[in-house]
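Residue numbers (the numbering used here), protein chains in the order written: chain A, 1 to 405; chain B, 406 to 810.
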């Protein structure tokens, strides 16, 4: 192949990416709704698209100290918004969890167990694994509600104390889980952690930016947030919030020195490899969406978003064998519905489980998990009421087409 | 303050971000030139701006296996381009270095020293520090060339062997350094590492995407690349390339299991927290720029870019006491020029060292380090010839204005 041919082949393959999904289709993918950019974020994205754009005016060698655009200010405002002492950007919520465990492992090297709820995201487990820690799970009520037994945190803390003669390193609660969208009130867990003086991390990857959060009120020591999942930011960006008592543990300044050059970097934070990787579009889009995030997490808007999910659930009740998985009524609009009737259709359909995705796509709806007809997982967040109605009607319409109702 | 007032204040602060720098100004900031988006990347950026956009069609739960858009294909093509067996995306080149050291520390727990060149970026040192390793530096020739004594790698390897009775964990060479833009041929270092069978990491944050690279030819075991620094990608994205003999060491599959749920995630890679944080704009813009990256790293284009920097250097020789720092002629266009004459002007100028930045800005040129007149650090990469001429003329013009020439 000549260079020219090779170049043409590459161009063919890599330069025609389009994704006008949100204009042509309703995307109900559970991980996509909360990350759709605001208009302001779009403008910022285009202005700050280039590589390292945010660092044009970095005067202090630290992204968290940039004043133009107002990064330092933003981190303070975000901390006030979540009501926690400090906020640092991270690569993603998963990184925030990993960092919190790493920081605590350095502080309490003898503590080896992390207690998590049994609906935790896989990245919570991976953070435990990569920090060489042990996991202990808090049970849930099982099918169909999967309601966490939050009081059990106390029992398991005692169990760890007894077995290991050490406190658990950390307690993690998933504020809203990825699978059933169950909302958990962190106050009770915060209180239990407080009794034993154990650090408490609230994973809000699906909730901060969607639901109101008050860390102080729930005795939260660390909060993990996701800009691309729930704060209308261009991926990837997470946030790590932490109480001031952990400030020095998190903000570990570099101490290494070159053996010949004597170079040192005392201004740089080891925990974040100097600066967290959010240099351009991720942080500026999160900042641009912040006013909207503040607006949309006020109670009246939050309630309306819950109503949208509950509306769909109510509408589709006439389908036989329908079973919502998770607690009702919905507080967070991420919803999982068991659809045995659709699964029966798939058994004899030439496209098998894919038929359901096909049928939705024909009706202008995307984001269904491919090949799966046993359950529909969706998120109505931010859809207009007419889109919500169209989505509910489409489910009924498909049911009618296959003589289910 | 009422909610409305608060919201208005936030809007005032956060929703008017603009950065039309590249249209109105010539940005010669050393870290910005290689990250300016291609037209194709701009289109992809706008299409894939939303949060987690790339993951719409994730069927296998792993970003490196997504086929639409062709991520899996792209990683193979990039590996071929750099001539190394495997490529995985990372948050940034700094993360690639950290991961390589972590992986090797797990493989060789008794090896504790990393040998680096004395022009290495601070993040190389931080990666050593956070992995609890020791640093040994290879010297350079000092002012004004700062030419690395590459043969010294051999001596220091022997020194470590003698002192620790263990091989060094890793040898790192900065392909092109951030401060003087010195280019180092990796072949010699690769050969030395090969003699002792020590892994060799080439840090190409400033070079891959700008200069041609052939990992096999230089016996490179690990390569760290930066999409936002040198591959016209929207930040942040890095690449970690590695030889197949390290495949199992890098791609560590999760083994953790829930103690009650028995949940496990054997498909997820611990090293990358499941998926590296490049979910939307970063990876798609890197992919969209790839054909241009391949084109622009061909010798004739590379030579032309070197000529631009050398042109500026030649033009400004009439300024007294001018001294280029780093090796000449330039191969990589990142250039550092000592300007004692400008520093004298600053001594009596009301704006002190800031006068130089002001003068350049008046001439449509930005990216100068603020407050510094002792040296000018610039990068002509990707500027048109008329922009290059204007930049050189501006330096002379400022010198004339202050009666230096």
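The beta-carbon is built from N, C-alpha and C at its ideal position, and this holds for glycine as well.
| Check | Outcome |
| --- | --- |
| Proximity to residue 379 of chain A [Cα-Cα], best of A:373, A:14 and A:392 | A:392 |
| C-beta neighbour in chain A for residue 583 of chain B, strict 8 angstroms | no |
| Within 8 angstroms, strictly: CB atoms of residue 536 of chain B and residue 507 of chain B | yes |
| Within chain C, partners of residue 95 of chain A - CB distance below 9 angstroms | Structure shown: chain C not included; protein chains present are A and B. |
| Residue 242 of chain A - partner residues in DSSP beta bridges | A:86 and A:222 |
| Short CB-CB distance (under 8 angstroms) between residue 633 of chain B and chain A | yes |
| Touch test, the stretch 707-720 of chain B against the stretch 650-661 of chain B, Cβ-Cβ under 8 angstroms, three pairs minimum | no |
| Runs of beta strand (DSSP E) wholly within the stretch 104-174 of chain A (minimum 3 residues, chain order) | 113-117, 134-138 and 170-174 |
| Residues near residue 745 of chain B by beta carbon distance below 6 angstroms, same chain, minus five either side | 726 |
| Environment of residue 334 of chain A [buried if 16+ CB atoms lie within 10 Å] | buried |
| Contacts that residue 783 of chain B makes with chain A (C-beta to C-beta distance below 8 angstroms) | By Cβ distance, chain A contributes nothing, its closest Cβ being about 14 angstroms from residue 783 of chain B, past 8 angstroms. |
| Closest Cα partner of residue 484 of chain B within the set B:616, B:492 and B:478 | B:492 |
| Straight-line gap, residue 367 of chain B to residue 614 of chain B (C-alpha atoms, nearest Å) | Outside the displayed range of chain B (406 to 810) lies residue 367 of chain B, so it cannot be described from this structure. |
| Residue 153 of chain A and residue 171 of chain A closer than 8 angstroms at C-beta | yes |
| Cβ neighbours of residue 313 of chain A in the same chain (closer than 6 angstroms, five flanking residues each side left out) | 324 |
| Sequence-distant residues of its chain with Cβ nearer than 6 angstroms to residue 646 of chain B (five each side left out) | 487, 489, 492 and 628 |
| Proximity of residue 169 of chain A and residue 111 of chain A at Cβ, strictly below 8 angstroms | yes |
| Contacting residues, own chain, Cβ-Cβ under 8 angstroms from residue 373 of chain B (five flanking each side not counted) | Summary: the structure shown does not reach residue 373 of chain B, with chain B confined to residues 406 through 810, and so no result is reported for it. |
| Strand pairing of residue 322 of chain A, partner residues [DSSP] | A:339 |
| Under the three-state DSSP convention, the category residue 652 of chain B falls into | helix |
| Reference residue 10 of chain A; option with closest CA among B:604, B:544 and B:695 | B:695 |
| Closer than 8 angstroms to chain A by CB, residue 702 of chain B | no |
| Bridge partners - residue 253 of chain A, DSSP secondary structure assignment | A:269 |
| Proximity below 8 angstroms, CB of residue 41 of chain A to CB of residue 218 of chain A | no |
| Residues from the stretch 309-328 of chain A in contact with chain B, defined by Cβ distance under 8 angstroms | none |
| is_contact[residue 73 of chain A, chain B] using C-beta, thresh 8 angstroms | yes |
| Buried/exposed call for residue 178 of chain A, threshold 16 Cβ in 10 Å | buried |
| Beta bridge counterpart(s) of residue 613 of chain B as assigned by DSSP | B:616 |
| Residue range of the beta strand (DSSP E) that includes residue 375 of chain A | 375-379 |
| Residues that DSSP places opposite residue 264 of chain A in a beta bridge | A:257 |
| CB contact check: residue 453 of chain B to chain A, cutoff 8 angstroms | yes |
| Paired residues, beta bridge with residue 203 of chain A - DSSP | A:174 and A:224 |
| Residue 267 of chain A and residue 62 of chain A closer than 8 angstroms at C-beta | yes |
| Beta carbon of residue 625 of chain B nearer than 8 angstroms to that of residue 644 of chain B | no |
| Proximity to residue 778 of chain B [Cα-Cα], best of B:713, B:678, B:749 and B:420 | B:749 |
| Distance, residue 714 of chain B Cα to residue 697 of chain B Cα | 21 angstroms |
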